[in-house]
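First residue of the sequence shown: 1, per the numbering used here; consecutive thereafter.
A virtual CB, placed ideally from N, CA and C, is assigned to each residue, including glycine.
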Amino acid sequence: MAADRPLYYLSIHEAQQLIQSRQLSPVELTRSVLERIAAVDGKLHAYINLMADSALEEARVAEAEIVGGNWRGPMHGIPVAVKDQLDVEGAAARIRQFTKGVGDATAVRRLREAGAIMLGKLHMSSLPDADLPVPRNPWNTEHVTGGSSTGSGAAVAGGLCLGSLGEDTAGSIRNPSAFCGLAGLKATYGRVSRYGLAPLSWSLDHCGPMARVVEDTAHMLRAIAGHDPQDPTSSTAPVADYASALREDVKGMVVGVPRDYINECAPRTEPIVLKLMDKAIDELKSLGARVEEVKVQTLHIATISNAVIYYNEFWAAHKSDAAWVLKNGAAQRRARIYLGILTNSADYIQAQRVRSRVRAEFAEVFRKVDCLALPCQTGPAPLLKDMGPIDTLFKHVVPEYHGPFNLVGLPTLSVPCGFSENNLPIALQLVGKPFDELTILRAGYAYQQHMRWFERKPPI
């Protein structure tokens, strides 16, 4: 199974089969990934806190448990890393600046309980430090990874971990997943606990998995999902065995395409993105799905409302360190503080009213379709030299394609759907009903297995 490529490029699904059957040691796998980090992270700049010694010790413990007959499940012995926004015991989120962490965030703790090996903390573009090197895209290191889960995109795509936990407030799982050729899943709001996640916007933040293939995100979601009494927004909705349902086909599934909205965004979207999106939708149709055009009239105001809420809540969450940030912080954080100050309580209340309207319209749309399909980016990953310090915040986060689904908390999945002429990844975005991650995972998996874009690896 691993003969055609290095161990560090195994998927979680492949690695767990080898580990469970004792054909692969967690120690051997972890060492392979650590050697890969030593070899290429000087070019990618994904890690800001590498925990190599503790990772190897965790791998030895996992190996002993498995040899002793105590296999915990698909994540047991799998080397992963997390976006710095999540607290890890001994390494609180640096974005907190002047507040304390909680030890392990709930999602991190659940990964550990599932047997995962914690490699360390990954860069994010919202860090207060303005002088850290910017992560580079493994497909071409002259290009960005997308944000704000910048290090997660670089690390998973570059073979520096098998999966990562990211965070998504306005596209920060889906954008780097799209730019780096990964599967990225923003689950329904409340599906995954945010306890121990340093807040950007308390009502928009979502924690979720980023991995090389769809089934890996399913394994990771199963490990981290579920009610958490320490997070008041955490849902009690039952957690499915997501990976086991992936083999169901998509025959009869109704895929809605918000064509009017896509056409309206087309002037700001590169033709290759629209071309590959249409091809991907045609492939879903060839697999048995039914495709119907739908109208979601509130998508435009949803994008604006998401931004208003985001910056208001960011300002509220970071008032205590605002003076330091405005004097010393990175440009993106300064911009968020200023925008939060400039929007007022009336704007915030109006945005919440819009949120109710958008949620009601989506409920009607999902009476007719099972999921939505639309672009996940406006173009391939831009060149780093073309990006000013604020550009990743405003120009390339594609809020029109991402923000509405944070606003109403719908599950969304980024799935690679091809490459640009200069070999940079392009992705399709699938959107599901509340707490129906299974449908978008099934659709994404069926398309992935049919097209097999994941078999291409970055040249680094």
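A direct Cα-Cα distance of roughly 41 angstroms separates L274 from D104.
In this structure, the straight-line span from the alpha carbon of W324 to that of Y445 is close to 45 angstroms. The region 262 to 350 is shown to contain whole beta strand (DSSP E) runs of 3 or more residues at 290 to 293, in chain order.
Secondary structure at E248: coil, using DSSP grouped into helix, strand and coil.
Secondary structure at A105: coil, using DSSP grouped into helix, strand and coil. In this structure A245 is not in contact with L221, their Cβ atoms being roughly 12 angstroms apart against a cut-off of 8 angstroms. DSSP, reduced to helix, strand and coil, places S414 within a strand of the structure shown. Counting along the chain, the unbroken beta strand (DSSP E) around N49 starts and ends at 47 to 50. Rounded to whole angstroms, the separation of the alpha carbons of Q16 and R22 is 9 angstroms. In this structure, the beta-carbon distance from V257 to A373 falls below 9 angstroms. Counting other Cβ atoms within 10 Å of its Cβ, V358 reaches 16 or more and is therefore classed as buried. Taking the Cα of V88 as reference, the smallest distance to any Cα among M75, I95, I78, R109 is reached at R109.
L276 has its alpha-carbon roughly 45 angstroms from the corresponding atom of N70.
If you draw a straight line from the Cα of M124 to the Cα of G146, it is about 10 angstroms long. Assigned with DSSP and collapsed to three states, I12 falls in helix. The C-alpha of A198 lies about 39 angstroms from the C-alpha of A289. Within the same chain, and ignoring the five residues on either side of A52 in sequence, the residues whose Cβ sits closer than 6 angstroms to its Cβ are L34. Apart from the 5 residues on each side of it in sequence, Y242 sits with its Cβ closer than 7 angstroms to the Cβ of A218, L221, R222, E437, L438, L441 in its chain, given in chain order.
When the beta-carbon positions are compared, H45 and P382 stay at least 9 angstroms from each other. Under the DSSP assignment, S164 falls in the beta strand (DSSP E) whose first and last residues are 163 to 168. Between the beta-carbon of A170 and that of G403 there is about 5 angstroms, and that keeps the pair under the 8 angstroms contact cut. Assignment of M253 by DSSP, reduced to helix, strand and coil, places it in the coil class. Around the beta carbon of Y338, fewer than 16 other beta carbons lie within 10 angstroms, which makes this residue exposed. Distances from the alpha-carbon of H318 to those of I304, R336, N306 put R336 closest.
Distance from the CA atom of V308 to the CA atom of V408, rounded to whole angstroms, is 14 angstroms. With distances taken between CA atoms, L162 lies nearest to M75 out of M75, C371, F314.
V80 and Y8 have their alpha carbons spaced roughly 11 angstroms apart.
Secondary structure at M118: strand, using DSSP grouped into helix, strand and coil.
Buried is the label assigned to P176, since at least 16 other Cβ atoms lie within 10 Å of its Cβ.
Residue range 206 to 211 is occupied by the beta strand (DSSP E) that includes A211. For I426, the three-state secondary structure derived from DSSP is strand. Straight through space, the alpha carbons of Y195 and V102 are spaced by roughly 8 angstroms. In this structure, P458 keeps its C-beta atom at 9 angstroms or more from the C-beta atom of A178. Excluding the 5 residues flanking it on each side, R136 has same chain C-beta neighbours closer than 8 angstroms at K43, L44, H45, E142, H143, V144, T145, A154, L384, in chain order. Remark: C-beta atoms of K83 and S203 do not approach each other more closely than 9 angstroms. Scanning P434, G77, P271 for the CA closest to the CA of P238 turns up P434.
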